[in-house]
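Chains as they are written, first to last, in this note's numbering: chain A, 13 to 366; chain B, 455 to 799. Every residue gets a Cβ at the ideal spot worked out from N, C-alpha and C, and that includes glycine. Keep in mind it's a predicted model, so treat the numbers as computed, not measured.
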Amino acid sequence: MVNYIIRRLLMVPLLLFGVTVLIFLMLQVLSPVERSALYVRDIPRNERVLEGIIKRYGLDQPVHIQYWKWLMGTIDPQTGDRQGGILRGEFGYSRTASQPVAEMLARRFPASLELALLAVIPVIAGGILLGVVGAVNHNKPLDQFVRIFGIVGWSFPDFVFGLLLLMLFYANLGWFPPGRISDWANQIVQSPEFHNYTQLITIDSLLNLRFDIFWDALRHLIMPVITLAYLWWALTLRVTRSSMLETLRQDYITTARAKGLSERTVIRRHALPNGLMPVITLGGNTVVGLLSGVVIVETVYNYPGIGSAAADAAVNLDVITVLAFVLLNGFILVMANLIVDILYAYIDPRVRLD
Amino acid sequence: MTNETKQTLVIDEEQFLPRREMSNLERWLGTDTYRALRGMVTNPTSIVGLVLLGLFLFIALAAPILAPPISSNPYQIPRDGYGSVPKPPGTLWNSRQPELPFWWKPIMGTDQWVHIMGTASGQWDIYYGVVWGTRTALQVGLLITFVGAAVGITIGAVSAYYGGWLDMVLMRITDIFMAFPFMLAAMTLSAVLTPVLGKGLFPPMIALMAFGWTGFARLLRSDILSVREREYVLAAQVIGVKDARILFRHILPNAIFPTLVLGSMRIGSYVITFAGLSFLGIGAEVGYADWGQLLSFARAWMTNLGEYWYIVIFPGVALVLFTLSWNLVGDALRDVLDPRMQGSR
Chain A
13 MVNYIIRRLL MVPLLLFGVT VLIFLMLQVL SPVERSALYV RDIPRNERVL EGIIKRYGLD
73 QPVHIQYWKW LMGTIDPQTG DRQGGILRGE FGYSRTASQP VAEMLARRFP ASLELALLAV
133 IPVIAGGILL GVVGAVNHNK PLDQFVRIFG IVGWSFPDFV FGLLLLMLFY ANLGWFPPGR
193 ISDWANQIVQ SPEFHNYTQL ITIDSLLNLR FDIFWDALRH LIMPVITLAY LWWALTLRVT
253 RSSMLETLRQ DYITTARAKG LSERTVIRRH ALPNGLMPVI TLGGNTVVGL LSGVVIVETV
313 YNYPGIGSAA ADAAVNLDVI TVLAFVLLNG FILVMANLIV DILYAYIDPR VRLD
Chain B
455 MTNETKQTLV IDEEQFLPRR EMSNLERWLG TDTYRALRGM VTNPTSIVGL VLLGLFLFIA
515 LAAPILAPPI SSNPYQIPRD GYGSVPKPPG TLWNSRQPEL PFWWKPIMGT DQWVHIMGTA
575 SGQWDIYYGV VWGTRTALQV GLLITFVGAA VGITIGAVSA YYGGWLDMVL MRITDIFMAF
635 PFMLAAMTLS AVLTPVLGKG LFPPMIALMA FGWTGFARLL RSDILSVRER EYVLAAQVIG
695 VKDARILFRH ILPNAIFPTL VLGSMRIGSY VITFAGLSFL GIGAEVGYAD WGQLLSFARA
755 WMTNLGEYWY IVIFPGVALV LFTLSWNLVG DALRDVLDPR MQGSR
């Protein structure tokens, strides 16, 4: 087990190195002028000033030197300070958000996290449960329903689904508004009496005993959460169903039935632990899928998270911001896969020996 | 061995095996292909998928008849003025009416061409966009899948067959490409490429190809690894068949089916991702016949979507049904080709 974990951990720096190289290569497509946004807030119009900046931050130097400076930052010859460097958490300046990219990401991250966390619950509960129900009732009407739901759900683009929900529940019924919070509630949340413990409005409002604000935040969250969740719901359901079907055909299930165990015990004790193995693999993808799904979902609902900021930046070709966002996501994906792999090896001994 | 003992070893198979009538078609196609094809046309989900697919193919082929183009570039949606408020389905064309399709008068009995599906803000005709958008979706989906699959199959095949350090290097590169969420990677690369190539279909398509091949490479590699161990491959190696011939004649045909199924399932998701990028405003230009681009008009009318439902419904339904058709066909194909599923349905 320890051997396996060490081998797996050794992969992480390699992957992260590859991720940064790929991002850096994309950055090289930009002209040195555009890349100066890594270090300066406003790109000056004056050509001589521009040339000065390019020289000062070494944006015309060989690629490997630039890569190193991009990672570690560069020492400003005039002030002697170290500037930039993604490893120091400095991703440059966002043209679309008019502030440093890191600051923008930090300020908007809690909103996206709140969305993604709430979406995990229906994915796990609904997807796994329905998948197992479908497999146990193989080829019965319930299974057909689950099957059709899975394939139609997987074919439904999230933005079309989101627009349909908006049309029905906002434009027609007026139940669930877009955005993150109503204006009146926002004033209270911003006021000094309201303590922001976690920056997640649903939790903070409960801690402050403001149930009206909790309700308001929840009303804004319901549609984005459903939109974000249903795609992974459908996928989890399909994976669970087919994996359970496979497991139920195994000999040891027949043995368990033959020795007279109740169907309930057979499924719970013998089939589920093995049938849910692939779902763990899917788990890592789901976390990242939710975090990257926020780009579309937040855009549809005007929800002020990192996703809508990234989409905004991409449309306005503010590449510096987009690359920082995708780098963050790549980092989270590598870490999520690491956790999943170790978890997998812990549960299934065969993986460790591979 | 004498002639006599040889005789006793001959077993009359006909005597032991149940006899089965083979139709001429089955004899001609071979039993496996015949069974797969029969599965495809008898399975209700695949029938729905194939019918939908046929419908989209028909719309794409008949686009010039269904919605005659107004300019030399047929993918440019004609617009009826410049007003910002969408108009409902059935509104008459006011200005710059395109050529009337020949089937309109016999069916409707008038010479007046209407906006069959209404107009979006900017008075772009939605019907025209949906019809020609079918061509865009087919082109985009097929081209991205074709290039992605070709790259993925090459890398997966080389990696699995040669193994060793080459396999190691190629698979680590695949891992790095897979370390990015697909949609975000595509969004980023198209934002990077847009200033270089200009706004249009190319940046998102190239971006989707650049990150779309990984799934094919992984899947094919693992299938080849299991096929490579079979006796007939060993036999071919023993009698000195060349590497390339073993790979292309003996291994690939036996390992490629799951990859083909993946391809059919991927067409739908590529079209969705492409439309998603257009929806965000990264892909096709405003006024280009593309479903995602049409849907992006809805973003400006969030509070009035109840009134302007047709901006969402028509292109949205087209996109969902298109994806569904490929997924249904892919799903049925997988069941038919997977030997473990035989007899279970």
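At a CB-CB cut-off below 8 Å, which residues of chain A make contact with residue i?
i: Phe634/B; result: Val31, Leu34, Val338, Asn341, Gly342, Leu345
i: Ile678/B; result: The premise fails here: Ile678/B is roughly 18 Å from chain A at the closest Cβ pair, so nothing lies under 8 Å.
i: Val643/B; result: A small fix is needed here, since residue 643/B is Leu in this sequence, not Val. In chain order: Met38.
i: Met622/B; result: Simply none; closest approach about 11 Å.
i: Val766/B; result: Val172, Leu175, Leu176, Met179
i: Trp763/B; result: Met179
Hey, residue i and residue j: beta-carbon distance below 8 Å or not?
i: Val352/A; j: Leu28/A; result: no
i: Gly165/A; j: Leu154/A; result: no
i: Phe121/A; j: Ile318/A; result: yes
i: Val307/A; j: Met641/B; result: yes
i: Gly666/B; j: Gly610/B; result: no
i: Ala183/A; j: Gly104/A; result: no
i: Leu178/A; j: Met756/B; result: yes
i: Pro658/B; j: Gly301/A; result: no
i: Ser320/A; j: Thr311/A; result: yes
i: Leu673/B; j: Leu716/B; result: yes
i: Pro540/B; j: Thr573/B; result: yes
i: Ile501/B; j: Tyr764/B; result: no
i: Trp578/B; j: Arg533/B; result: yes
i: Pro528/B; j: Leu329/A; result: no
i: Leu655/B; j: Ala738/B; result: yes
i: Ala709/B; j: Ile678/B; result: yes
i: Tyr358/A; j: Gly174/A; result: no
i: Val766/B; j: Leu778/B; result: no
i: Gly127/A; j: Tyr315/A; result: The residue asked about is misnamed: residue 127/A is Leu in this sequence, not Gly. Yes.
i: Leu99/A; j: Leu83/A; result: yes
i: Phe337/A; j: Ala348/A; result: no
i: Gln95/A; j: Gly85/A; result: yes
i: Gly376/A; j: Ala633/B; result: No statement about residue 376/A is possible, as the shown extent of chain A runs from 13 to 366 and does not include it.
So is residue i buried or exposed if we call it buried at 16+ other beta carbons inside 10 Å?
i: Ile64/A; result: Reading off the sequence shown, one finds Gly at residue 64/A, where the question assumed Ile. Answer is exposed; the Cβ neighbour count stays below 16.
i: Gly587/B; result: buried
i: Asp785/B; result: buried
i: Gln202/A; result: exposed
i: Met562/B; result: exposed
i: Trp567/B; result: buried
i: Arg794/B; result: The predicted position of Arg794/B is uncertain, since its pLDDT is 49 and thus under 50; no value can be drawn from it.
i: Trp780/B; result: buried
i: Ala137/A; result: exposed
i: Pro361/A; result: exposed
i: Arg159/A; result: buried
Run down chain A in chain order and give the residues with a C-beta less than 9 Å from the C-beta of residue i.
i: Asn758/B; result: Ala183
i: Arg626/B; result: Met23, Leu26, Leu27, Gly30
i: Asp744/B; result: By Cβ distance, chain A contributes nothing, its closest Cβ being about 13 Å from Asp744/B, past 9 Å.
i: Gly722/B; result: Trp166, Ser167
i: Asp789/B; result: The contacting residues do not exist; Asp789/B stays about 10 Å from chain A at best.
i: Leu592/B; result: Under the 9 Å cutoff, chain A gives no residues; its nearest Cβ is about 16 Å from Leu592/B.
Under 9 Å between beta-carbons, which chain B residues line up against residue i? List them in chain order, please.
i: Ile238/A; result: What Ile238/A touches in chain B: nothing, since even the nearest Cβ is about 17 Å away.
i: Ser203/A; result: Those within 9 Å of Ser203/A in chain B number zero; the least Cβ separation is about 28 Å.
Name, please, each residue of chain B whose Cβ falls closer than 7 Å to the Cβ of residue i.
i: Ala323/A; result: Leu734
i: Phe171/A; result: Gly730, Phe733, Leu749
i: Met116/A; result: Neighbours of Met116/A on chain B: none; closest Cβ ~16 Å, over 7 Å.
Under 8 Å between beta-carbons, which chain B residues line up against residue i? List them in chain order, please.
i: Ile163/A; result: Thr499, Leu778, Asn781, Leu782, Asp785
i: Ala241/A; result: By Cβ distance, chain B contributes nothing, its closest Cβ being about 16 Å from Ala241/A, past 8 Å.
So with CB distances below 7 Å, who are the chain A contacts of residue i?
i: Pro649/B; result: Leu329
i: Ala639/B; result: Val338
i: Ala752/B; result: Leu175
i: Asp579/B; result: Per Cβ cutoff of 7 Å: no residues; Asp579/B is ~20 Å from chain A at best.
Quick check for students: name the residue ranges of the alpha helix (DSSP H) that lie wholly in the region 100–163 of chain A, counting only runs of 4 or more. Taking only runs of at least 4 residues, the alpha helix (DSSP H) segments lying wholly in the region 100–163 of chain A are 113–134, 141–148.
In the region 260–311 of chain A, which residue ranges form an unbroken alpha helix (DSSP H) of at least 4 residues, counting only runs that do not cross its ends? As far as the region 260–311 of chain A is concerned, its whole alpha helix (DSSP H) runs of at least 4 residues are 263–270, 284–287.
The region 594–607 of chain B touching the region 689–702 of chain B, judged by at least three CB pairs closer than 8 Å: Taking a cut-off of 8 Å for Cβ pairs, the region 594–607 of chain B and the region 689–702 of chain B do not touch, as fewer than three such pairs fall below it.
Please give the ranges of any alpha helix (DSSP H) in the region 165–225 of chain A, keeping only runs that are unbroken, at least 4 residues long and fully inside the region. For secondary structure counted as the alpha helix (DSSP H) over 4 or more consecutive residues, the region 165–225 of chain A holds these complete runs in sequence order: 170–177, 195–202, 213–219.
Decide yes or no for the touch test of the region 251–265 of chain A against the region 223–237 of chain A: beta carbon pairs closer than 8 Å, at least 3 of them. Taking 8 Å as the limit for Cβ pairs, the verdict is that the region 223–237 of chain A does not touch the region 251–265 of chain A.
For the region 221–229 of chain A against the region 191–207 of chain A, are there 3 or more C-beta pairs whose distance is under 8 Å? A contact exists between the region 221–229 of chain A and the region 191–207 of chain A.
Across the region 184–198 of chain A and the region 262–280 of chain A, are there enough close Cβ pairs to call them in contact, namely three or more that are closer than 8 Å? No contact exists between the region 184–198 of chain A and the region 262–280 of chain A.
Below 8 Å, how does it come out for the region 326–342 of chain A and the region 105–125 of chain A: are there three or more Cβ pairs, yes or no? Under the 8 Å Cβ criterion, the region 326–342 of chain A counts as touching the region 105–125 of chain A, having at least three qualifying pairs.
Assess, as a yes-or-no matter, whether the region 123–140 of chain A is touched by the region 732–749 of chain B under the definition of 3 or more beta carbon pairs within less than 8 Å. No, the region 732–749 of chain B does not touch the region 123–140 of chain A.
Pick out the complete alpha helix (DSSP H) segments inside the region 496–550 of chain B, 4 residues or longer, and give them in chain order. Listed in chain order, the complete alpha helix (DSSP H) runs (minimum 4 residues) inside the region 496–550 of chain B are 498–515, 517–520.
Is the region 289–300 of chain A touching the region 62–76 of chain A, taking contact as three or more C-beta pairs under 8 Å? Counting C-beta pairs with one atom in each stretch, the region 289–300 of chain A and the region 62–76 of chain A have fewer than three that are closer than 8 Å, which means they do not touch.
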